[in-house]
Amino acid sequence: MPDSPPQQPPAPGSPGSPGDAPDSSGLLLCGARLTDGRTVDVRLGGGRIEAVGTAGSLTAHGPRVDLAGYLLLPAPAEPHAHGDTALSADGDGPVSYDAEEVQRRATEATLLQLGHGATAVRSHVRLGEMEGLGSLEAVLQARRSLVGLADLRAVAMPRLLTGVAGANGLSMLRDAVKMGASVVGGCPDLDPDPTGYVEAVLDVAAEQGCPVDLHTDGADPARLGRLAAAAGGLRTGVVVGPLGGLARMPAEAVRRAVDGLAAAGVTVSCLPQGGCAGVDGRGVAPVRLLRAAGVRVAAGSGALRDVSNPVGRGDPLEAAYLLASRYGLRPEDAYDAVSSAARAALGLPEVRLEAGFPAELLAVRGDRLAGALSLAYSRIVVHRGRVVARTSAVREYCDSAAAVAMDLPRQGRVAKYGGGTGNGPA
Numbered sequence: 473m474p475d476s477p478p479q480q481p482p483a484p485g486s487p488g489s490p491g492d493a494p495d496s497s498g499l500l501l502c503g504a505r506l507t508d509g510r511t512v513d514v515r516l517g518g519g520r521i522e523a524v525g526t527a528g529s530l531t532a533h534g535p536r537v538d539l540a541g542y543l544l545l546p547a548p549a550e551p552h553a554h555g556d557t558a559l560s561a562d563g564d565g566p567v568s569y570d571a572e573e574v575q576r577r578a579t580e581a582t583l584l585q586l587g588h589g590a591t592a593v594r595s596h597v598r599l600g601e602m603e604g605l606g607s608l609e610a611v612l613q614a615r616r617s618l619v620g621l622a623d624l625r626a627v628a629m630p631r632l633l634t635g636v637a638g639a640n641g642l643s644m645l646r647d648a649v650k651m652g653a654s655v656v657g658g659c660p661d662l663d664p665d666p667t668g669y670v671e672a673v674l675d676v677a678a679e680q681g682c683p684v685d686l687h688t689d690g691a692d693p694a695r696l697g698r699l700a701a702a703a704g705g706l707r708t709g710v711v712v713g714p715l716g717g718l719a720r721m722p723a724e725a726v727r728r729a730v731d732g733l734a735a736a737g738v739t740v741s742c743l744p745q746g747g748c749a750g751v752d753g754r755g756v757a758p759v760r761l762l763r764a765a766g767v768r769v770a771a772g773s774g775a776l777r778d779v780s781n782p783v784g785r786g787d788p789l790e791a792a793y794l795l796a797s798r799y800g801l802r803p804e805d806a807y808d809a810v811s812s813a814a815r816a817a818l819g820l821p822e823v824r825l826e827a828g829f830p831a832e833l834l835a836v837r838g839d840r841l842a843g844a845l846s847l848a849y850s851r852i853v854v855h856r857g858r859v860v861a862r863t864s865a866v867r868e869y870c871d872s873a874a875a876v877a878m879d880l881p882r883q884g885r886v887a888k889y890g891g892g893t894g895n896g897p898a
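Per the working numbering, residue 473 is the first one in the sequence shown, and the count goes up by one each step.
Structural data, given as structure tokens:
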């Protein structure tokens with residue numbers, strides 16, 4: 473199999489090239505299965521895919537990782553996290569915004585999501601009277617501590633931006649960008665003047681050259697239409713979500729809103745696992761209708777065990793599973809929403825299993841994508857060309873004559889545990 477044609481690397485300082493140096497020692501992923509059914513070796517170097525060839529055809533320039541029994545995929549990205557409030561549901565009393573505690577939560581949450589496969593995370597961080605800029609500084613400190621493991625980005629979310637009360641929020645939003653927030657956003661639904669809030673965010677984004685990521689339930693079609701029309705002129709990119717309110721609107725109003733989003737080139741980030749602190753409404757945006765209209769749809773996790781969703785997992789494969797099982801997307805389209813579309817929403821370069829593309833990869837135990845979304849327990853995560861996380865699950869059954877008689881499939885090698893028959897990693 474000839475090597476794939478090389479792609480141009482991102483320019484220094486672009487979203488795909490954070491300051492940490494990629495692994496340059498080289499890594500050979502052996503015997504991985506691709507979604508098209510091929511079994512291949514993949515050689516990595518310099519943070520990118522150097523070559524893809526038939527199994528056994530490539531020479532290793534460094535360590536080998538045996539991926540026999542694994543499906544190799546572009547790594548997911550998490551477009552909608554809340555690291556400042558994550559993992560706070562079990563605490564006593566109000567959520568603490570002590571800087572050290574916020575940094576701990578944001579770091580742990582990002583590592584949990586990395587273990588699930590998300591090598592890039594966009595975290596929406598509140599600015600306001602209680603938090604000030606302290607939560608943002610804590611998340612940015614978490615980002616610095618995770619360099620080389622995961623790419624953590626911060627979205628600045630002021631509480632108010634209009635009227636006398638909003639002047640402080642507007643000042644904090646500009647300061648947040650100077651501190652290192654890479655995206656501006658917030659929740660216009662919580663401001664007395666939602667349209668004015670959107671205009672203020674878009675003005676700061678145009679002034680600072682930042683992307684925009686706005687929380688809105690989308691339950692007011694006229695307001696959503698104005699948001700889309702205003703966002704259409706911003707060249708740095710606009711993401712809105714979760715738009716669960718669209719699911720509660722009349723069909724004709726939904727069609728008009730969807731057409732407006734498509735015309736504006738706005739990306740929608742939906743939350744199939746549940747809501748988040750930014751909006752009160754539940755429900756999931758009409759993903760099939762949005763995709764049919766040409767709207768890019770990314771899927772995020774939202775709340776990770778905070779008061780908005782105390783059982784949130786932060787798992788992109790669960791989001792893809794729900795899009796497929798509950799909302800009718802093909803497994804390939806569902807996974808695209810948490811990988812290619814999510815990366816595009818974050819301004820990250822595309823990943824393909826071809827030479828020249830970034831080495832941002834996820835290996836999951838299985839041989840078909842549908843099965844991986846259903847039972848993706850064992851995972852190996854590659855970020856910037858090196859393995860940064862592993863999860864291994866072992867399923868065991870007691871001795872069963874029925875299992876032997878039916879010759880049920882086993883994963884990995886068979887081992888004996890206390891008289892029972894154990895399956896390998898699941």
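Glycine included, every Cβ here is placed at the ideal spot set by N, Cα and C.
Buried versus exposed, by CB contacts within 10 Å (16 or more), Y542: When all chains shown are included, Y542 counts as buried.
Closest residue to A571 among D647, E603 and A701 (Cα-Cα distance): Of the candidates D647, E603 and A701, the residue whose Cα lies closest to the Cα of A571 is E603.
Buried versus exposed, by CB contacts within 10 Å (16 or more), S497: So S497 counts as exposed.
Validate contact between the segment 800 to 809 and the segment 511 to 522 using beta carbons, cut 8 Å, 3 pairs: Segments in contact, no.
Proximity of P744 and A791 at Cβ, strictly below 8 Å: In this structure, A791 lies closer than 8 Å to P744 by Cβ.
H533, buried or exposed, once every other Cβ within 10 Å from all chains shown has been counted against 16: By the neighbour-count rule (16 or more Cβ atoms within 10 Å), H533 is not buried but exposed.
V593 and T582 closer than 8 Å at C-beta: Cβ atoms of V593 and T582: closer than 8 Å.
Reduced DSSP secondary structure (H/G/I, E/B, other) of L900: The chain is shown from 473 up to 898; residue 900 falls before or after that span and cannot be answered.
Whether Y793 touches V759 by CB criterion (8 Å): Note that the C-beta distance between Y793 and V759 is not below 8 Å.
The segment 536 to 553 touching the segment 836 to 851, judged by at least three CB pairs closer than 8 Å: The segment 536 to 553 makes contact with the segment 836 to 851; the number of CB pairs closer than 8 Å reaches 3 or more.
The beta strand (DSSP E) enclosing R858, as first and last residue numbers: Boundaries of the beta strand (DSSP E) harbouring R858: R858 to T863, taken from the DSSP string.
Rounded straight-line distance, which links the Cα of P722 to that of A694: A694 and P722: Cα-Cα distance of roughly 13 Å.
N- and C-terminal bounds of the beta strand (DSSP E) containing R594: For R594, the enclosing beta strand (DSSP E) starts and ends at A592 to L599.
Close-in-space but distant-in-sequence residues of the same chain around A735 (CB under 8 Å, 5 per side omitted): Result list for A735: A700 and G704, in chain order.
Closest Cα partner of A553 within the set S773, A831 and R777: S773 is the residue among S773, A831 and R777 whose C-alpha sits nearest the C-alpha of A553.
Limits of the alpha helix (DSSP H) - the one that L642 falls within: It spans G635 to M651 - the alpha helix (DSSP H) in which L642 sits, taken as one unbroken run.
Backbone CA spacing between A691 and A771 [nearest angstrom]: Rounded to the nearest whole angstrom, the CA to CA distance from A691 to A771 is 19 Å.
Helix, strand or coil at D513 according to DSSP, with G and I counted as helix: Strand.
Neighbour-count burial assignment, G491, 16 or more Cβ in a 10 Å radius: Its pLDDT being 45, under 50, G491 is placed unreliably in this model, and the coordinates cannot settle the point.
V836 beta carbon less than 8 Å from that of A827: Between A827 and V836, the C-beta gap is not smaller than 8 Å, which leaves the two residues out of contact.
C-alpha gap between D689 and V738, whole angstroms: For D689 and V738, the distance between alpha carbons rounds to 15 Å.
CB of S595 within 8 Å of CB of V574, strictly: Not a contact, by the Cβ cut-off of 8 Å.
Buried versus exposed, by CB contacts within 10 Å (16 or more), Y669: Per the 10 Å Cβ criterion, buried.
Option in A702, R598 and C870 with minimal Cα separation from L642: Of the listed residues, the one whose Cα sits closest to L642 is R598.
Assigned secondary structure, D839 (DSSP; H/G/I helix, E/B strand, else coil): Correct three-state label for D839: coil.
As assigned by DSSP and simplified to three states, the class of Q480: With a pLDDT of 39 at Q480, under the threshold of 50, the predicted position of this residue should be treated as unreliable, though the coordinate-derived value follows. In the structure shown, Q480 sits in coil (DSSP, three-state: anything other than H, G, I, E or B).
Residue span of the beta strand (DSSP E) that contains P548, given as start and end: P548 -> no beta strand (DSSP E), and no H or E assigned at all.
A677 to A523 span [Cα, whole Å]: For A677 and A523, the distance between alpha carbons rounds to 39 Å.
Coarse secondary structure for V524, derived from DSSP in three states: Here V524 sits in strand by DSSP.
Beta-carbon spacing of V823, A558 below 8 Å: For V823 and A558, no; Cβs fall outside 8 Å.
P803 (DSSP reduced to helix, strand or coil): P803 falls in the helix class under three-state DSSP.
Distance between S797 and N781 (C-alpha atoms, nearest Å): Spanning the two alpha carbons is a distance of roughly 20 Å.
Extent of the continuous beta strand (DSSP E) to which A626 belongs: A626: member of the beta strand (DSSP E) spanning D623 to P630, first to last residue.
Check whether V537 and L501 have beta carbons under 8 Å apart: Closer than 8 Å, so yes.
Residues bridged to A553 (per DSSP): Paired residues: S595 and G774.
Ranges of the beta strand (DSSP E) found wholly within the segment 644 to 715, counting only runs of at least 3: Runs of the beta strand (DSSP E) inside the segment 644 to 715: 655 to 658, 684 to 688 and 710 to 714.
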